[in-house]
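*Asks:* Chains as they are written, first to last, in my numbering: chain A, 67 to 642; chain B, 2 to 696.
1) Looking at the C-beta of residue 325 of chain B, does it have a partner C-beta in chain A at a distance below 9 Å?
2) Going by Cα to Cα distance, which pick from B/82, B/11, B/405 and B/160 is closest to residue 207 of chain B?
3) Per DSSP, what kind of secondary structure is residue 72 of chain A in: helix, strand or coil?
4) Please compile the residues from chain A whose C-beta is within a distance smaller than 9 Å of the C-beta of residue 92 of chain B.
5) For the beta strand (DSSP E) holding residue 362 of chain A, just list the boundary residues, first then last.
6) 9 Å is my cut-off, CB to CB: does residue 464 of chain A come that close to chain B?
7) If you scan the stretch 137 to 221 of chain B from start to end, which runs of the beta strand (DSSP E) of 3 or more residues do you find wholly inside it?
8) Taking a cut of 7 Å between CB atoms, which residues from the stretch 190 to 213 of chain B lie near chain A?
9) Where does residue 245 of chain B sit, in a helix, a strand or coil, going by DSSP?
10) Going by DSSP, what residue range makes up the beta strand (DSSP E) through residue 426 of chain B?
11) With distance defined between alpha-carbon atoms, name the residue in B/98, B/25 and B/105 nearest to residue 125 of chain A.
12) Taking residue 68 of chain A as the reference, which of A/356, A/273 and A/408 has the closest Cα?
13) If we count the other Cβ atoms within 10 Å of its Cβ and call it buried at 16 or more, is residue 67 of chain B buried or exposed?
14) Within 10 angstroms of the Cβ of residue 252 of chain A, are there 16 or more other Cβ atoms? Answer buried if so, exposed if not.
15) Could you say if the stretch 238 to 249 of chain A and the stretch 558 to 576 of chain A meet the contact criterion of at least three C-beta pairs nearer than 8 Å?
16) Keeping to the same chain, check which residues put their C-beta closer than 6 Å to that of residue 103 of chain B; ignore five residues upstream and five downstream.
17) Give the interface partners of residue 118 of chain B over in chain A, defined as CB-CB distance under 8 Å, in chain order.
18) To the nearest angstrom, report how far apart residue 215 of chain B and residue 255 of chain B are at their CA atoms.
19) As a quick exercise: from A/153, A/105, A/128 and A/176, pick the residue whose alpha carbon is nearest that of residue 137 of chain A.
20) Counting Cβ pairs, one atom from each stretch, are 3 or more of them under 8 Å apart for the stretch 503 to 517 of chain B and the stretch 297 to 312 of chain B?
21) Residues in the same chain with beta-carbon distance under 7 Å from residue 241 of chain B, minus the five sequence neighbours each way, listed in chain order, please.
22) Using C-beta distances below 8 Å, list every residue in its chain close to residue 3 of chain B, excluding the 5 sequence neighbours before and after it, in chain order.
23) How many Å lie between residue 703 of chain A and residue 524 of chain A at the Cα?
24) Counting only Cβ pairs nearer than 8 Å, list the residues of chain B close to residue 425 of chain A.
25) Taking 6 Å as the limit between beta carbons, can you name the residues of its chain near residue 308 of chain A, skipping five residues before and five after?
26) According to DSSP, simplified to helix, strand and coil, what is residue 2 of chain B?
27) What are the complete alpha helix (DSSP H) segments, minimum 4 residues, inside the stretch 655 to 696 of chain B?
28) With the cut-off set at 9 Å, would you say residue 394 of chain A and residue 217 of chain A are in Cβ contact?
29) Would you mind telling me which residues of chain A sit closer than 8 Å to residue 591 of chain B, beta carbon to beta carbon, in chain order?
30) Taking all protein chains shown into account, do 16 or more other C-beta atoms lie within 10 angstroms of the C-beta of residue 638 of chain B, making it buried, or fewer, making it exposed?
31) Report yes or no: is there a C-beta of chain B within less than 9 Å of the C-beta of residue 96 of chain A?
32) If distances are taken between C-alpha atoms only, which option among A/173, A/287, A/155 and A/278 comes closest to residue 224 of chain A?
33) Kindly indicate which residue of A/451, A/458, A/509 and A/276 has the alpha-carbon position closest to the one of residue 38 of chain A.
34) I'd like to know if the stretch 280 to 292 of chain A and the stretch 85 to 99 of chain A are in contact, where contact means that at least 3 CB-CB pairs between them fall below 8 Å.
35) Is there at least one Cβ from chain B nearer than 9 Å to residue 343 of chain A's Cβ?
36) Taking Cβ positions only, does residue 646 of chain B come closer than 9 Å to chain A?
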């Protein structure tokens with residue numbers, strides 16, 4: 067067996083290779099979704115199963131789980147064709163096989179040693195525009211994936227080291243932003259090239275046998291750690307449900323339900339009570355669902371290494387009819403919203419048995435907002451960005467104000483960069499008072515972004531959620547504020563009929579759109595919050611005086627200090 | 002200053018535990034060093050005490066150069082001044098919203114407390130657009146009211162940050178003028194003066210942290226100058242900046258945010274100089290402290306600069322600084338076995354208090370230092386620094402046995418060696434990161450350890466990373482103080498341009514570059530410091546249109562006092578070369594964008610002859626031997642010679658295994674390695690014949 071010291075050393079070396087691949091793409095990418103938001107990932111994958119062996123620390127969390135399905139898809143395609151060779155690189159974005167959505171392009175390359183495949187290397191990145199009806203590809207009214215963008219099945223981008231320019235030409239012809247696509251594609255090729263060189267050097271140094279043994283051992287250890295974590299939880303079945311506002315087509319809530327069963331060192335996640343597949347783009351494929359379970363698990367058990375072993379003690383039940391298990395051509399463009407809900411129900415179900423592990427739910431929507439139009443010189447512009455919100459209160463304190471989504475490590479582009487690149491002006495970029503869920507530890511605050519158009523005309527698209535069902539609190543904590551979007555027209559302000567989803571809003575110069583995002587859910591009972599902390603929240607404008615009374619039963623005097631007598635009275639009343 | 006008497010340049014580095022002082026007598030060429038305990042409550046006390054140890058008459062001192070941690074500590078401990086921000090309507094929360102990040106990838110329990118709470122961030126109606134157009138002029142009355150409000154709230158310092166002020170600073174200037182009229186002290190600033198660069202969070206954070214530090218650093222520098230003058234000092238005080246250059250006390254008072262990496266930067270500067278002189282232009286400096294291991298790259302004698310750093314989550318400082326990669330692997334890093342049975346070293350650390358188990362101050366979990374003690378590599382009877390009497394080897398052994406050996410099924414010696422191997426491997430990872438990732442082959446580099454512990458691991462790093470050699474400077478423990486005495490003066494400027502090459506007004510660009518060059522040279526002249534020569538460097542941050550990350554492109558220009566001679570052709574050719582260096586293939590047909598321009602004015606300060614550090618009448622190896630000890634290397638005990646390092650004469654050859662001791666550091670030469678004392682008194686460690694054949 068491999069000695070524990072070499073194992074620890076190799077773990078670091080292997081992770082470093084994936085990290086370096088991430089860094090190469092982040093720095094050379096053209097589109098801000100990769101360069102700034104780090105919506106990309108790299109890793110090493112198993113020769114036969116495609117399982118994740120090693121994942122970079124800096125890549126997008128949701129890809130950790132999803133990429134193994136992508137590699138698996140390539141393995142199957144290659145075995146069917148029977149012509150896999152050294153120097154081949156497959157490219158594809160099929161979300162049904164590979165998970166997530168059409169914007170994510172995966173490059174998968176076999177790494178050969180002495181004529182045998184040692185492992186696969188893969189790179190995935192979110193491209194700026196891949197065709198479809200909506201610039202940026204978040205089409206909230208899609209009913210088929212054809213309306214979301216081009217779909218490329220696994221095809222060879224490189225054949226024995228030779229680039230197939232015809233494939234590149236097809237890709238370029240199908241994007242509104244071919245320059246950006248070309249830059250990102252090259253960045254991903256460079257990242258794979260670097261990974262191949264680093265792997266070769268590592269195997270030359272340590273021998274193939276030792277590294278292979280280390281990979282196997284790391285997987286087994288992750289499985290063992292996860293099993294140990296599960297066996298610490300009391301046996302039983304714990305349930306939670308939450309809802310998506312609608313699918314963008316029919317204004318009807320969609321249920322995401324979980325029955326979590328703990329038995330000894332195994333966990334079963336049964337999503338059978340979840341709604342069936344829907345018409346609009348909040349469906350997801352099974353691979354995406356499993357990837358999101360992985361993300362939730364890693365947030366709860368942070369010390370478990372990032373590889374496929376984590377999922378070994380976890381059984382997942384999702385019926386074929388479910389909106390969590392759809393097939394082509396059901397639309398899946400808004401996958402982010404659905405997986406955020408999966409993560410939320412896992413936190414909520416676990417809150418019953420392991421309150422010390424969980425936190426209030428985060429804002430729970432990525433709010434993909436795009437403004438697009440043409441400049442005076444006829445050039446096209448597309449401003450596309452995701453917006454932030456609050457994180458949940460947690461055992462150690464209040465939730466983080468204005469954080470990124472749990473499925474991502476994305477940062478937001480600065481307002482000044484957006485204003486310099488596009489004809490828009492932010493009239494507000496601030497925290498949203500009263501948006502954090504009340505609790506002993508308050509949820510973090512969401513944000514208000516208000517954007518004024520400086521060009522004559524623009525089309526606006528929004529894909530968001532949590533407009534009707536707020537991010538829940540846990541352990542007695544209360545929900546955060548709802549997501550709210552308003553757009554200005556000549557005769558006043560409007561709210562979309564589907565609340566947080568809409569296409570083709572026509573905006574004229576001087577008109578604004580306004581996005582008010584949810585905060586995070588609270589943790590613990592609000593009337594257990596220190597009155598002084600509530601007074602501070604009011605002084606800072608995080609909580610209104612009115613809500614201090616309503617949500618926290620804290621009365622303040624004219625100077626903003628706690629009125630102790632009144633507060634005691636109020637709190638007694640709530641508790642009885 | 003006394004006629005014909007000694008004339009000293011003194012470097013002082015104040016660290017958390019010790020204040021190091023390096024004395025250079027410019028007349029005799031003689032050097033001395035001293036180490037005294039730091040005085041955290043008032044750092045100037047230890048500072049003066051350190052100088053007094055060797056200097057009777059402060060009038061003999063011409064220059065004191067200081068690497069300070071006052072600013073860094075104020076940031077880390079969050080005890081800067083009470084600060085207020087006046088900002089554009091709609092943007093008061095920029096500081097608190099950051100770039101919408103979180104502290105850790107996994108786990109959602111992050112928290113962040115901005116240094117300026119929301120009620121001290123006041124908005125005024127004003128607006129500049131991205132192209133520099135003023136849409137709303139700032140109202141004087143409103144700024145006055147905002148300033149009074151901040152004063153009522155007890156603010157000691159204040160800053161102005163307006164959106165898009167990098168494109169046009171007119172509204173900020175107007176507001177700053179009003180603020181100055183009202184404010185009772187000089188601790189005010191505007192973002193367009195501190196960092197006229199696009200990206201509102203980074204500019205807000207840097208400007209705010211500057212204001213936050215102004216009163217603290219100014220009062221410290223005042224106390225320091227006062228104390229020096231009370232002792233008869235009449236010379237110049239210079240402060241080391243994060244970029245490795247020095248600045249005047251006046252500049253430091255205005256721009257304290259530039260001191261955040263002051264001490265470590267001086268150490269890197271010293272390393273670059275010592276290594277170049279010794280014939281090693283390419284080194285990787287390794288500073289090992291209690292909790293961290295800082296690595297920095299020196300190529301051709303030049304250290305590389307990073308554009309920004311975060312002192313802590315959300316505490317972003319954007320100003321050029323010596324690029325340092327820090328990992329959590331210091332002497333105090335705790336070794337443990339995780340539930341999956343994997344040996345881990347760090348990131349938890351016992352720091353220096355309570356410190357390693359062997360310190361006997363209450364920590365019971367084994368650290369890297371404990372492993373070194375158990376292996377016999379550290380002298381338990383003579384700990385460095387002199388604060389502790391002796392180290393508790395048995396306690397260290399027990400801790401390693403309980404927490405590492407038993408869970409892994411190893412004996413205690415093997416477990417201790419495993420801890421060192423994992424720690425070495427983490428350090429090696431950091432070295433790979435700064436070299437290979439940037440396209441440099443470690444084979445062409447030498448490790449240069451400084452700090453107290455680095456030299457214990459340097460040999461292992463040669464083997465692990467494939468470095469050419471290791472160079473242990475004569476005084477690894479006072480490297481930063483030495484660096485202070487030789488650092489050049491340097492002033493950096495940045496300005497966002499944001500134009501497309503080809504459409505860019507080149508004569509306008511030349512005017513901007515020349516204007517900043519003149520400013521920089523003026524600043525150098527105003528200090529009254531004598532320079533051997535001065536130089537202006539020009540750099541552009543560039544990218545292809547559509548990319549958001551830029552590459553730094555050095556533009557070779559000769560500034561003749563009025564013009565730089567810059568042209569579109571020069572810019573596009575240097576960009577292409579640089580892009581190829583960084584990413585490989587340049588892309589054809591895509592327009593090229595110039596985002597920022599950067600100008601640095603550098604005044605070269607005289608260097609001294611390092612041979613003065615060499616032992617004058619050295620002794621042979623056997624005469625420096627203080628005994629032998631059983632030291633564990635490669636799964637076995639080896640009888641190992643213990644030597645005093647400092648008396649060893651130039652040219653001495655030291656075969657491994659050997660342990661060399663000096664008051665400020667311990668050096669370990671492993672089997673298969675050998676050491677040699679060069680003409681400056683540095684120790685050069687390389688592979689021996691056997692080691693070479695194994696490499």
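Think of the CB as a built atom: it goes at the ideal place given N, C-alpha and C, for glycine as much as any other residue.
*Replies:* Judging by the given coordinates:
1) Chain A, which has no Cβ nearer than 9 Å to the Cβ of residue 325 of chain B, makes this no.
2) Out of B/82, B/11, B/405 and B/160, B/160 has the C-alpha closest to the C-alpha of residue 207 of chain B.
3) Looking at residue 72 of chain A - three-state DSSP - the assignment turns out to be helix.
4) Those within 9 Å of residue 92 of chain B in chain A are 481, 492, 494, 495 and 496.
5) That residue, residue 362 of chain A, is in no beta strand (DSSP E); its alpha helix (DSSP H) goes 352 to 366.
6) Residue 464 of chain A counts as touching chain B.
7) If one requires a minimum length of 3 residues, the beta strand (DSSP E) runs lying completely within the stretch 137 to 221 of chain B are 158 to 162 and 189 to 191, in chain order.
8) So the close ones are 199, 200, 201 and 202.
9) Reduced to three states, the DSSP call for residue 245 of chain B is coil.
10) Per DSSP, residue 426 of chain B is not a residue of any beta strand (DSSP E); the alpha helix (DSSP H) it occupies stretches across 413 to 436.
11) For residue 125 of chain A, the nearest C-alpha among the options comes from B/105.
12) Of the candidates A/356, A/273 and A/408, the residue whose Cα lies closest to the Cα of residue 68 of chain A is A/273.
13) Per the 10 Å Cβ criterion, buried.
14) The residue in question, residue 252 of chain A, is buried, as its Cβ has 16 or more Cβ neighbours within 10 Å.
15) Short answer: they don't touch.
16) A distance below 6 Å between beta-carbons, with the five flanking residues on each side excluded, links residue 103 of chain B to the following residues of its chain, in chain order: 111.
17) Taking a Cβ-Cβ cut-off of 8 Å, the neighbours of residue 118 of chain B in chain A comprise 606, given in sequence order.
18) When rounded, the separation of the alpha-carbon atoms in residue 215 of chain B and residue 255 of chain B is 7 Å.
19) It is A/176 whose Cα lies nearest to the Cα of residue 137 of chain A.
20) Contact between the stretch 503 to 517 of chain B and the stretch 297 to 312 of chain B is absent, because fewer than three Cβ pairs lie under 8 Å.
21) The beta carbon of residue 241 of chain B is closer than 7 Å to those of 66, 67, 68, 247, 263, 266, 267, 485 and 488 in its chain, skipping five residues each way along the sequence.
22) Unreliable placement is indicated for residue 3 of chain B, whose pLDDT of 47 sits below 50; the coordinate value is still reported in the next sentence. Cβ within range, chain order: 58, 60 and 61.
23) Residue 703 of chain A lies beyond the residue range present for chain A, which begins at 67 and ends at 642; the question has no answer from this structure.
24) Residues of chain B passing the Cβ test: 109 and 110.
25) Closer than 6 Å at Cβ, skipping near neighbours: 322, 407, 410 and 411.
26) Note that residue 2 of chain B scores a pLDDT of 44, beneath 50, so its modelled location is shaky and nothing firm can be said.
27) Note on the stretch 655 to 696 of chain B: whole alpha helix (DSSP H) runs with a minimum of 4 residues are 690 to 695, in chain order.
28) Closer than 9 Å, so yes.
29) Those within 8 Å of residue 591 of chain B in chain A are 245 and 249.
30) Burial call: exposed.
31) Residue 96 of chain A counts as touching chain B.
32) For the residues A/173, A/287, A/155 and A/278, the minimum Cα distance to residue 224 of chain A belongs to A/155.
33) Past the edges of chain A, shown from 67 to 642, lies residue 38 of chain A, and the structure says nothing about it.
34) Contact between the stretch 280 to 292 of chain A and the stretch 85 to 99 of chain A is absent, with fewer than three C-beta pairs closer than 8 Å.
35) Judged by the 9 Å Cβ criterion, residue 343 of chain A is not in contact with chain B.
36) Interface residue (Cβ-Cβ distance to chain A less than 9 Å): residue 646 of chain B is not classified as such.
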